[in-house]
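These notes are about the structure you will find just below.
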Amino acid sequence: MKRLAHLGVLAGLVSSLWLAPAIGRYGTATALPEEQVLQILNNVPVFMITNDKGEPLTFEIPNPQDQNKKTQVFTFFISQKDAEGALNAIKTQRPEIGGVARISAAALSGAVKIALESRKNPVVGVDIIPSKPQLEAAVNLLKQSGDLVERDGKILTKEGKPFRGGTPLFFLADSKTGNPIAVEAQVRENGQTRTQRFIPFYFDKMQLQREVDQARQQRPELVKDTGIRVVMLDNLVATMLSTNDPVAGQIQLVQTPEAIQFALQQSGGNNAQRPNQANQPASPQRPNQQGGGQGTNRNR
251 MKRLAHLGVL AGLVSSLWLA PAIGRYGTAT ALPEEQVLQI LNNVPVFMIT NDKGEPLTFE
311 IPNPQDQNKK TQVFTFFISQ KDAEGALNAI KTQRPEIGGV ARISAAALSG AVKIALESRK
371 NPVVGVDIIP SKPQLEAAVN LLKQSGDLVE RDGKILTKEG KPFRGGTPLF FLADSKTGNP
431 IAVEAQVREN GQTRTQRFIP FYFDKMQLQR EVDQARQQRP ELVKDTGIRV VMLDNLVATM
491 LSTNDPVAGQ IQLVQTPEAI QFALQQSGGN NAQRPNQANQ PASPQRPNQQ GGGQGTNRNR
């Protein structure tokens, strides 16, 4: 992933200043080019399991439009540790495949592109697997806000519909409006320091909490009347695709330092196929140990 060098923008923060709410009406619908959204996601590392040729291991499910056909599903992991766990399971269940398989960094833009394409042509699909602890943290937040309720052991939305999960992203928001708070930061990239304004959404709640605690100690007035909220990745992408508010272009997804470091270590010598170039790879069918056969555009 050549563009992983640009992750220094988010990984090398020198200092940051939490500012006022950045979006007047979060979720306002108009239009933002898909290309721009994918570009924003292009520097966000996620992880795949690939074979010895660098081709993603996939699995097949019945095509939702034609049960006589198959849909090839690509699996992406938000956490490299979850990818390692899945790889170990494959080594146990299918040693002939797992013995030559490895974990490869990929761009989140590739996963989202496949998901968008699958809406038009479900020949391919995508399964994005979130970190379980982060999903649990998200559920707790949504219960506290009243957006989720638990009835008879089932988690439901406030409208009474089953909660379908997703990949949670945590952000600092204005307590009254719920609008995300922007950050103005001094970032170091290629040995140079510059100022950048962006709206960070974190995959790890505790990572955001540490940032907020540090800001509160230094400038308590900057984070007054704010709180941590959560949005699912698919909802955020849908918002980015449906708004022309210029501040939407300032959205940045912040991976964990561990994930960034893992991806950067691979970027020097890993020639694995980029996911957004892998619409039709000749890859073996993966054992369905991830439970991914429930949909072709799923953000669990």
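The sequence shown begins at 251 in our numbering and counts up by one.
Ideal placement from N, C-alpha and C gives every residue a C-beta, glycine not left out.
Bear in mind that the values here come from a model prediction, so they are computed numbers and not experimental data.
Going along the chain, which residues of its own chain have a beta-carbon closer than 8 Å to the beta-carbon of residue i, five neighbours each way excluded?
{"i": "K411", "result": "none"}
{"i": "D475", "result": "D424, S425 and K426"}
{"i": "V462", "result": "W268, L422, V473, T476 and I478"}
For residue i, which residues from the same chain have a beta carbon less than 6 Å from its beta carbon, with the 5 sequence-adjacent residues on both sides left out?
{"i": "F420", "result": "Y452, K455, L458, I478 and V480"}
{"i": "Q527", "result": "For Q527, the predicted structure reports a pLDDT of 37, less than 50, and the residue's modelled location is therefore unreliable. A value from the coordinates is still provided. Nothing listed; no residue qualifies."}
Let me check one thing: in DSSP terms, what residues is residue i bridge-paired to?
{"i": "I340", "result": "Note: I340 sits in no beta bridge, so no partner."}
{"i": "V462", "result": "Answer is none; V462 lacks a bridge partner."}
{"i": "I250", "result": "This structure does not reach residue 250, given that the chain is present from 251 up to 550, and the question cannot be answered."}
{"i": "S477", "result": "The sequence as given places Gly at residue 477; Ser does not occur at that position. DSSP lists A423 as partners of G477."}
{"i": "M482", "result": "P418"}
{"i": "G375", "result": "V323"}
{"i": "A357", "result": "P295"}
For residue i, which residues in the same chain have their Cβ closer than 7 Å to its Cβ, ignoring the five residues on either side in sequence?
{"i": "F413", "result": "L398, I405, L406 and T407"}
{"i": "V389", "result": "L398 and I405"}
{"i": "K319", "result": "N313"}
{"i": "V487", "result": "V287 and V362"}
{"i": "D302", "result": "V350"}
Taking the alpha-carbon of residue i as reference, which of the options has the nearest alpha-carbon?
{"i": "S368", "options": "F324, E400, N301 and N338", "result": "F324"}
{"i": "L288", "options": "L483, Q467 and G304", "result": "L483"}
{"i": "V376", "options": "V350, F448 and T417", "result": "T417"}
{"i": "V437", "options": "L472, L366 and F448", "result": "F448"}
{"i": "A361", "options": "D332, V350 and P306", "result": "P306"}
{"i": "A435", "options": "A465, G415, G428 and I378", "result": "A465"}
{"i": "L392", "options": "T445, G348, G428 and N338", "result": "G428"}
{"i": "P496", "options": "K370, A351, A432 and D402", "result": "A432"}
{"i": "L472", "options": "A509, L422, G335 and I501", "result": "L422"}
{"i": "D332", "options": "E508, E400 and S517", "result": "E508"}
Give the C-beta separation of residue i and residue j to the nearest angstrom, bearing in mind that I take them to be a contact with Cβ-Cβ under 8 Å.
{"i": "T300", "j": "Q322", "result": "Between Q322 and T300 the Cβ distance is about 15 Å, and since that is not below 8 Å, they are no contact."}
{"i": "E284", "j": "L366", "result": "7 Å"}
{"i": "P372", "j": "Q315", "result": "6 Å"}
{"i": "N292", "j": "S354", "result": "Going by Cβ atoms, the distance from N292 to S354 rounds to 16 Å, so no, they are not a contact pair."}
How do the segment 371-385 and the segment 327-340 stand: do at least 3 beta-carbon pairs fall below 8 Å, yes or no? yes
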